[in-house]
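Heads up, the thing below is written out as structure tokens.
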Amino acid sequence: MSRLALRRQVSFRRKREKGALETTMPNNIDQELLVEILKRLAVKLLVQCRCVSKSWYFLISSPSFISAHTRYTLESNRSTKFLLRHYNWNSKKENYTLHPDDDKKGNSFCECQELAFPFKSYSQYFEIVGSCNGLLCLSDTYATNARTIILWNPTISKWMTLPMPNVNLDHAYMFVLGFGFDAKINDYKVVRIVYGMGDEGRKVVAAPKVELYELGKNAWRNVNVSKSLRYVTSELSLQVFLNGAVHWIGYNPSGAYNDFGDLGLVLFDMSDEIFREQKLPESVVGLSVLDLSIGVSRQLLFLIQYNRKTHSQWIRYDSCCIWVMKEYSNVESWTKQFAVNLNGGIGKALGLRKSGEIVLVASNGELVTYEVQSDNVHHLGIKGIVNSFYMDPYFESLVLLVGINGFSRQPSSCNTATPSLVSPDYGV
Amino acid sequence: MASTDDKVILKSSEGECFEVDMAVASHLQIVKSVLEDCEGSSDKVVSLFIVEAKYVAMIIEYYKNYVELKEKHEEGGFEEKLKEFEKQFLEQIDKKELKGLVMAVNYLNAPALFDVVCTAIAKHIENKSVEYVREYFGIVNDFTAEEEAQIREEHRWAYDGVNDD
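Chains L and S are the protein sequences, given in the same order.
1 is the number of the first residue of the first sequence in full-length UniProt numbering; add one for each residue after it.
1 is the number of the first residue of the second sequence in full-length UniProt numbering; add one for each residue after it.
And the structure:
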């Protein structure tokens, strides 16, 4: 029985025993009940409702309400939209758009709504590290070894630039980032993995230095890696956050070649702050990291196995297969689910719609959807650089609502600031 | 025909009595635990103290249908049929009464109906103005005009396309 229900029952019994009973219902809904109603509201209305009264302002801005709302949104699974990012050569613009994710097929994808993007990348476009509960983690390389890392909530137009990380190696081979949520302490974390260069030239050392950023503390701290690791996470691989852990495709650096011959799954548990490793299906283990990608759809991990065009000097794919891990953590449950063959070649597979269609970028940079049963391809008229395409279910949340946009957030005491102290500042 | 052993009497705040099947009443967690406490006693009257008769009637109507539909659609389709019924059920209830109903349901700890009523209230206020929300929940605005303007300014985008009622 929940604590709330238990308390209610105890108070009911006490009232019965004492015989001292209220005779009418209270006139107004109490705060506990109000939370139950408000957590069912959309983000936009909640932001408006902050000016209902002071008590509503504090309630809606409180970390406990924001996490109750996020949890409810997650559990009720109400995401009906996709977030799509692409960079277009002609407009030289990084576009973030929302598209319906429903059972309707084909063209309904094109009805879109553009999100204001408040940043400018030093290169063409930001690297999207990952997303979690409505927050996107963006990273921008502006100098060797130096990166701007931003947490951005596009729904409420709030963001936070992370402080500079601590770990810097003189002979760093690569930096890999992961983003996720620690349910135990109810906080968002960014993990930064720094790999050093091996003695014999360019080879990477499998024992990385690891540091972790916690949003609540707004600081980085070092994490000890006690376990020896077989795989190195690849900076070329995307990461996904699922079941409390960040997942990457990794490779064994002591293999004959640097990036292929022995692939595996690398996990970093955001709560326990440890690495775990898992095997991949036998037939993909021997691929290059360039030919394997990872994703998540409806709480299931999937792999995209790209098949290269044989007579091509460049890396070009003419088909791909999608593998699904039907039971989380059970290596035996990886199943080859779909095979996609596009005339003209595949640039990148992005994910699955609720309608069952697969969303892909063709080699010419055009976004298409592919119906597996009918083998139908819908051209969606959106074009961009193949690698700039990113797609994710869109999730509305109030995370980062409190505090001003900028380089460092006020410590959590700003949750109790009076409204008159809140000064909007978009000058970053 | 169920025997009287399977019945329980629920008494509203006005003292009005409702004879209800146990299968229905046991969905109210409070009633269930009170009856478990008094097992063996012949007293089958449970006083709901502060809950008004009109809300007791609504709650009973909901769970009576819930139990019947569950029995009838054991093989499947229960959730769909329940959704249909919930729609009709909510249509009969005045929007102001939803507030009283949610307090009653919360007090009696009846999870399925609680979710339905909370969601109905949330749906009702979606796209309503801040003024309407204040009036609906009976809340006095304790912000000064300047403070309120400042909060609105902070997230101006959120106030586009809102109904005036």
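All residues carry an ideal CB built from backbone N, CA and C; glycine is no exception.
*In or out: G351(L) buried (at least 16 other Cβ within 10 Å) or exposed?*
Counting from 1 along the first sequence, the entry for residue 351(L) is found at position 351. It is buried - the Cβ of G351(L) has at least 16 other Cβ atoms within 10 Å.
*Step through the CB atoms of chain S and report whether any lies within less than 8 Å of the CB of Q337(L).*
Counting from 1 along the first sequence, the entry for residue 337(L) is found at position 337. Q337(L) does not count as touching chain S.
*Would you say Y66(S) reaches chain L, if we count a Cβ-Cβ gap shorter than 8 Å as a contact?*
Position 66 of the second sequence, counted from the start, is the residue given in the question as residue 66(S). False, the Cβ-Cβ gap to chain L never drops below 8 Å.
*Could you tell me the distance, in whole angstroms, from the CA atom of E111(L) to the CA atom of L45(L)?*
Counting from 1 along the first sequence, the entry for residue 111(L) is found at position 111. Counting from 1 along the first sequence, the entry for residue 45(L) is found at position 45. Rounded to whole angstroms, E111(L) to L45(L) spans 23 Å at the Cα level.
*Can the beta-carbon of L83(L) be found less than 8 Å from the beta-carbon of L59(L)?*
Numbered from its first residue, the first sequence carries residue 83(L) at position 83. Numbered from its first residue, the first sequence carries residue 59(L) at position 59. When the beta-carbon positions are compared, L83(L) and L59(L) stay at least 8 Å from each other.
*asked:* Let's test the definition: count the other Cβ atoms within 10 Å of the Cβ of L21(L) and tell me whether it reaches 16, buried, or not, exposed.
replied: Here residue 21(L) corresponds to residue number 21 of the first sequence, with the count starting at 1. With a pLDDT of only 46 at L21(L), under 50, the local geometry of the prediction cannot be trusted, and the value read off the model is given with reservation. Looking at its Cβ environment, which holds fewer than 16 other Cβ atoms inside 10 Å, L21(L) is exposed.
*Could you round the C-beta distance between L151(L) and M160(L) to whole angstroms and report it? I think they count as a contact, below 8 Å.*
The sequence position of residue 151(L) within the first sequence is 151, counting from 1. The sequence position of residue 160(L) within the first sequence is 160, counting from 1. With 8 Å as the limit, L151(L) and M160(L) qualify as a contact, their Cβ atoms being about 5 Å apart.
*At least three beta-carbon pairs within less than 8 Å, the segment 290–303 of chain L to the segment 206–219 of chain L*: no
*In terms of DSSP beta bridges, what is L136(L) paired with?*
Against the first sequence, residue 136(L) aligns to sequence position 136. DSSP lists S131(L) and W152(L) as the beta-bridge partner residues of L136(L).
*Any beta-carbon of chain L closer than 8 Å to the one on C17(S)?*
Translated into positions along the second sequence, residue 17(S) becomes position 17. Closer than 8 Å: no.
*asked:* Counting only Cβ-Cβ distances shorter than 8 Å, please list the residues of the segment 93–108 of chain S near chain L, keeping chain order.
replied: The residues in question are K99, G100, V102, M103, A104, N106 and Y107.
*asked:* Using C-beta distances below 6 Å, list every residue in its chain close to D291(L), excluding the 5 sequence neighbours before and after it, in chain order.
replied: Start at 1 with the first residue of the first sequence, and residue 291(L) comes out as number 291. The residues are Y306.
*Compute the Euclidean distance between the alpha carbons of I128(L) and A149(S), then round it to the nearest angstrom.*
The residue you call residue 128(L) lines up with position 128 of the first sequence. The residue you call residue 149(S) lines up with position 149 of the second sequence. Distance between the alpha carbons of I128(L) and A149(S): 35 Å.
*What residues of chain L sit near Y62(S), judged by a beta carbon separation below 8 Å?*
The count along the second sequence starts at 1 and reaches residue 62(S) at position 62. Near Y62(S) there are no residues of chain L at all, since even the closest Cβ is about 17 Å away, more than 8 Å.
*Presumed contact (8 Å Cβ cut-off) between D187(L) and E214(L), rounded CB distance*: The count along the first sequence starts at 1 and reaches residue 187(L) at position 187. The count along the first sequence starts at 1 and reaches residue 214(L) at position 214. That belief holds up - the Cβ atoms of D187(L) and E214(L) are roughly 5 Å apart, short of 8 Å.
*Please list, in chain order, all residues of the same chain as M174(L) whose beta carbon is under 6 Å from its beta carbon, the five residues on each side excluded.*
In the first sequence, counting from the first residue as 1, residue 174(L) sits at position 174. Within the same chain, M174(L) has close Cβ partners Y195 and E235.
*Taking 8 Å as the cut-off, decide whether the C-beta atoms of V8(S) and C49(L) are in contact.*
If you number the second sequence from 1, residue 8(S) lands on position 8. If you number the first sequence from 1, residue 49(L) lands on position 49. Against a cut-off of 8 Å, the Cβ pair of C49(L) and V8(S) comes out as no contact.
*T119(S) lies in the alpha helix (DSSP H); which residues open and close that run?*
The residue given as residue 119(S) occupies position 119 in the second sequence. Counting along the chain, the alpha helix (DSSP H) containing T119(S) begins and ends at P111 to I125.
_Among R40(L), F181(L) and G356(L), whose alpha-carbon lies nearest the alpha-carbon of C132(L)?_
Numbered from its first residue, the first sequence carries residue 132(L) at position 132. Minimum Cα distance to C132(L) is reached at F181(L).
*What is the DSSP secondary structure of G351(L), counted as helix, strand or coil?*
Sequence index remark: in the first sequence, residue 351(L) carries index 351 (1-based). Looking at G351(L) - three-state DSSP - the assignment turns out to be strand.
*What do you reckon, is the C-beta of E68(S) under 7 Å from a heavy atom of the ligand ATP?*
The model on display carries no ligand, and the ligand ATP is accordingly not part of it.
*With 8 Å set as the bound, which would you pick, yes or no: does the beta-carbon of E36(L) sit closer than that to a beta-carbon of chain S?*
Working through the first sequence from its first residue, we reach residue 36(L) at position 36. Closer than 8 Å to some Cβ of chain S, the Cβ of E36(L) qualifies, so yes.
*What residues in the segment 42–59 of chain L have a beta carbon less than 9 Å from any beta carbon of chain S?*
Of all residues in the segment 42–59 of chain L, those with a C-beta nearer than 9 Å to a C-beta of chain S are A42, V43, K44, L45, L46, V47, Q48, C49, R50, C51, V52, S53, K54, S55, W56 and Y57, reading in chain order.
_Length-filtered (4 minimum) alpha helix (DSSP H) runs lying within the segment 82–113 of chain S_ = 95–108
*Measure from the alpha carbon of I382(L) to the alpha carbon of each residue in L367(L), Y394(L) and P393(L), then state which is nearest.*
Along the first sequence, one-based indexing puts residue 382(L) at 382. Closest option to I382(L), judged by alpha-carbon separation, among L367(L), Y394(L) and P393(L): L367(L).
*Identify, in the order they occur along the chain, each residue of the same chain with its Cβ nearer than 7 Å to the Cβ of Y62(S), setting aside the five sequence neighbours on each side.*
In the second sequence, the residue the question calls residue 62(S) occupies position 62. Within the same chain, Y62(S) has close Cβ partners F89 and L113.
*How long is the line joining the alpha carbons of G345(L) and K128(S), rounded to whole angstroms?*
Here the question's residue 345(L) lines up with position 345 in the first sequence. Here the question's residue 128(S) lines up with position 128 in the second sequence. So the two alpha carbons sit approximately 49 Å from each other.
*Residues that Y159(S) contacts on chain L, provided the C-beta gap is smaller than 8 Å*: Locating residue 159(S) in the second sequence gives position 159, counting from the first residue. Here the neighbours are Q48.
*Which residues, in chain order, does the segment 153–184 of chain L contribute to contact with chain S at a C-beta distance below 8 Å?*
I156 and S157
*At a Cβ threshold of 8 Å, is V8(S) touching chain L?*
Taking the first residue of the second sequence as 1, we reach residue 8(S) at position 8. Not closer than 8 Å to any Cβ of chain L, the Cβ of V8(S) fails to qualify, so no.
*By a C-beta neighbour count over all protein chains shown, 10 Å radius and 16 as the cutoff for buried, is E80(S) buried or exposed?*
Mapped onto the second sequence, residue 80(S) falls at position 80. Result: exposed.
*asked:* Along the chain, where does the beta strand (DSSP E) containing M58(S) start, and where does it finish?
replied: Locating residue 58(S) in the second sequence gives position 58, counting from the first residue. M58(S) -> not in any beta strand (DSSP E); alpha helix (DSSP H) instead, spanning A53 to K72.
*Endpoints, alpha helix (DSSP H) assigned at K44(L)*: For the purposes of this step, residue 44(L) is taken as the residue at position 44 of the first sequence. It spans V43 to C49 - the alpha helix (DSSP H) in which K44(L) sits, taken as one unbroken run.
*asked:* Please list the terminal residues of the continuous beta strand (DSSP E) segment that includes S293(L).
replied: Taking the first sequence and counting its residues from 1, one reaches residue 293(L) at position 293. First-last of the beta strand (DSSP E) with S293(L): L292 to S297.
_Close beta carbons around S237(L), own chain, < 8 Å, minus the five adjacent residues each side_ = Mapped onto the first sequence, residue 237(L) falls at position 237. So the qualifying residues of the chain are W248, I249, G250, V289, L292, S293 and I294.
*Terminal residues of the alpha helix (DSSP H) in which T310(L) lies*: Here residue 310(L) refers to the residue found at position 310 of the first sequence. That residue, T310(L), is in no alpha helix (DSSP H); it is neither H nor E in DSSP.
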